[in-house]
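Those letters in the sequence shown? Residues 37 to 461, per the numbering used here, in order.
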Amino acid sequence: MHIGVLGAGALGLTVAYRLAQRGHRVTVIEKEPLPGGLASGFRLGDTYLEKFYHHLFRSDREIVQLIHELGLGSDLVWRRPQTSTLYGGRIYPLDSPLHVLRFSPLPFLDRLRLGLAVAYLKIERNYHRFAGQTAASWIARWMGPRAYAVVWQPLLVAKFGEYYDKIAMPWFWARVHLRSATLGYLRGGFQRLYDRLAAAVVAHGGAVRLEETVTAISSQPDGRVRVETTQGEAEFDRLVVTLPTRLFLRLARGLPADYIARYDRGLAYGAHCVVLVLDRPLTSVYWLNINDPGYPFLALVEHTNFMSPADYGGRHIVYLSNYLPMDHPLFRLSDGEVLERFLPALARINPAFRPAWVREAYVFKAPYAQPIVTVDFPTIIAPHRTPLPHVYLANMFQIYPQDRGQNYSVRLANQMARLVAAESA
Numbered sequence: 037m038h039i040g041v042l043g044a045g046a047l048g049l050t051v052a053y054r055l056a057q058r059g060h061r062v063t064v065i066e067k068e069p070l071p072g073g074l075a076s077g078f079r080l081g082d083t084y085l086e087k088f089y090h091h092l093f094r095s096d097r098e099i100v101q102l103i104h105e106l107g108l109g110s111d112l113v114w115r116r117p118q119t120s121t122l123y124g125g126r127i128y129p130l131d132s133p134l135h136v137l138r139f140s141p142l143p144f145l146d147r148l149r150l151g152l153a154v155a156y157l158k159i160e161r162n163y164h165r166f167a168g169q170t171a172a173s174w175i176a177r178w179m180g181p182r183a184y185a186v187v188w189q190p191l192l193v194a195k196f197g198e199y200y201d202k203i204a205m206p207w208f209w210a211r212v213h214l215r216s217a218t219l220g221y222l223r224g225g226f227q228r229l230y231d232r233l234a235a236a237v238v239a240h241g242g243a244v245r246l247e248e249t250v251t252a253i254s255s256q257p258d259g260r261v262r263v264e265t266t267q268g269e270a271e272f273d274r275l276v277v278t279l280p281t282r283l284f285l286r287l288a289r290g291l292p293a294d295y296i297a298r299y300d301r302g303l304a305y306g307a308h309c310v311v312l313v314l315d316r317p318l319t320s321v322y323w324l325n326i327n328d329p330g331y332p333f334l335a336l337v338e339h340t341n342f343m344s345p346a347d348y349g350g351r352h353i354v355y356l357s358n359y360l361p362m363d364h365p366l367f368r369l370s371d372g373e374v375l376e377r378f379l380p381a382l383a384r385i386n387p388a389f390r391p392a393w394v395r396e397a398y399v400f401k402a403p404y405a406q407p408i409v410t411v412d413f414p415t416i417i418a419p420h421r422t423p424l425p426h427v428y429l430a431n432m433f434q435i436y437p438q439d440r441g442q443n444y445s446v447r448l449a450n451q452m453a454r455l456v457a458a459e460s461a
């Protein structure tokens with residue numbers, strides 16, 4: 037079979053690699069100049085750095101296995117950097133049971149209640165127990181209204197805006213249950229993994245076509261699938277689409293009206309990320325949740341409090357991140373205007389900070405990066421088989437109760453490869 041794959045992110049490249057291993061001829065089409073999707077990087081000195089911060093958890097077994105399979109396992113580093121919360125102008129460590137018990141903004145009994153509820157979510161394996169409940173209501177009930185107001189509500193508001201009190205509890209369960217304090221990172225950047233995957237597809241007789249945008253998808257009378265792009269057109273025996281569902285609905289021709297009406301409903305925010313290269317450290321923590329009001333970003337991630345600055349020529353790297361509606365004014369500002377808004381806020385975190393510390397700055401944006409996982413989200417997840425014959429859909433909207441992540445993309449890719457291969461025999 038000649039199988040087309042649209043999108044060269046973790047999902048698209050992995051499904052292409054698995055199908056190529058099974059002897060199929062695979063062609064991957066990607067609009068960006070580099071493979072990797074939301075996990076792709078950019079050159080910083082003689083190494084790569086992600087445009088949007090990434091790390092792995094101990095539970096991310098599928099991607100860890102893939103990294104080892106492709107010969108990069110010796111460069112996979114596991115460390116325990118510090119995760120903290122900014123509240124009331126102070127930074128509190130909050131990544132261990134002892135830290136929770138010492139979290140003074142809450143009375144002791146509330147700290148105990150918070151810790152016990154988190155422990156329960158860690159051991160509870162069945163997320164279906166939380167079906168139909170919102171994260172806001174469950175947290176307020178079981179962790180207590182004060183823990184909700186101090187720890188969780190600011191994070192939900194910062195991440196989901198007006199939808200903060202509609203987010204599904206199974207999503208919150210996944211965020212707690214599957215995460216570990218020990219984190220993994222691929223030295224040299226995850227771009228190395230996606231370059232290696234693309235090369236493996238080619239080594240198995242496939243092709244990876246970059247900087248080519250898909251403009252239409254249609255079924256042909258002979259059962260093949262035609263893909264039109266900015267570089268021409270191609271026909272495939274099977275097609276795996278890893279683009280967001282709403283984008284697929286706009287590209288595909290001949291979809292039934294009831295199918296479009298049912299699945300053209302999922303909401304997603306775009307990602308907005310500022311990467312600062314500093315000449316010295318800003319904080320002593322890796323991940324800082326911003327629970328105080330008035331900040332223009334929801335999290336500060338100081339990557340070089342996880343990986344050594346020596347890996348980046350002595351540079352100190354800070355991410356300032358947001359998830360926002362794709363029509364938010366921040367997406368329309370110039371890089372200079374963004375920095376004018378963001379840099380003053382850093383002095384509230386570290387009063388010694390001066391803009392002169394900034395040696396380089398980058399601003400990255402991506403659409404459809406954060407699905408809005410509301411309680412009714414499972415009802416709008418499109419099936420993998422689409423109404424177009426021999427066209428399959430696989431994307432982040434289908435990994436519920438997770439919402440994104442390299443590991444879950446790899447896991448879904450492995451499943452899709454088995455499905456497509458079985459139906460192409």
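In this text, a Cβ means the ideal position worked out from N, Cα and C, and glycines have one as well. As the structure is a computational prediction, the values presented were derived from the model and not from experiment.
Close-in-space but distant-in-sequence residues of the same chain around residue i (CB under 7 Å, 5 per side omitted)
i, result
"Ala383", "Phe389"
"Ile435", "Tyr444 and Leu448"
"Gly43", "Glu66, Gly73, Thr278 and Leu279"
"Thr170", "Asp201, Lys202, Ile203, Ala204, Met205 and Val411"
"Phe139", "Tyr128, Leu130 and Arg147"
"Leu375", "Ala397"
Buried or exposed by the 16-neighbour rule on C-beta atoms within 10 Å, applied to residue i
i, result
"Trp114", "exposed"
"Pro391", "exposed"
"Asn358", "buried"
"Pro117", "buried"
"Thr415", "exposed"
"His164", "exposed"
"Asp96", "buried"
"His104", "exposed"
"Ser255", "buried"
"Ala418", "buried"
"Leu137", "exposed"
"Ile159", "exposed"
Cβ pair residue i, residue j closer than 9 Å
i, j, result
"Tyr230", "Ala75", "yes"
"Leu314", "Trp393", "yes"
"Met179", "Asp131", "no"
"Trp207", "Asp439", "yes"
"Val311", "Ser120", "no"
"Leu303", "Pro380", "no"
"Arg282", "Glu271", "no"
"Arg245", "Gln267", "yes"
"Tyr398", "Gly225", "no"
"Ala430", "Leu47", "yes"
"Leu366", "Glu338", "no"
"Pro71", "Gly45", "yes"
"Val100", "Gly242", "no"
"Gly197", "Leu360", "yes"
"His38", "Val62", "yes"
"Thr249", "Arg94", "no"
6 Å Cβ shell around residue i - same chain, five flanking residues per side excluded
i, result
"Leu291", "Pro423"
"Arg395", "Val313 and Asp315"
"Arg223", "Asp111 and Val113"
"Ile102", "Ile is not the amino acid found at residue 102; the sequence shown has Leu there. Hits under 6 Å: Val446."
"Glu98", "Asn443, Val446 and Arg447"
"Trp188", "Ile175"
"Ala172", "Asp201"
Cut-off 8 Å between Cβ atoms - residues of its own chain near residue i, not counting five sequence neighbours on either side
i, result
"Ala176", "Tyr184"
"Phe88", "Leu74, Ala75, Ala307, Cys309, Tyr355, Ser357, Phe400, Ala402 and Ala405"
"Tyr428", "Arg274, Leu275, Val276, Val277, His420, Arg421, Thr422, Met452, Leu455 and Val456"
"Arg161", "His213"
"Ile326", "Leu122, Pro190, Ala194, Phe333, Leu334, Ala335 and Leu336"
"Thr251", "Glu264, Thr265, Thr266 and Leu287"
"Arg182", "Leu142, Pro143 and Asp146"
"Ile385", "Leu122, Ile127, Leu318, Thr319, Leu324 and Leu336"
"Ile296", "Leu285"
One or two residues paired with residue i in a DSSP bridge
i, result
"Ile65", "Leu42 and Arg245"
"Leu356", "Val310 and Leu336"
"Trp114", "Gly220"
"Ser255", "Val261"
"Gln406", "Tyr305"
"Ala397", "Leu312"
"Ile127", "Leu122"
"Glu271", "Arg262"
"Arg421", "Tyr428"
"Tyr84", "Arg79"
Chain B contact for residue i (CB, 9 Å cutoff)
i, result
"Tyr156", "The displayed structure is made up of one protein chain only, and chain B is not part of it."
(message) Within 8 Å, do at least three Cβ pairs link the stretch 52-59 to the stretch 233-250?
(response) yes
(message) I want to know whether the stretch 126-145 touches the stretch 334-350 - three or more CB-CB distances under 8 Å.
(response) no
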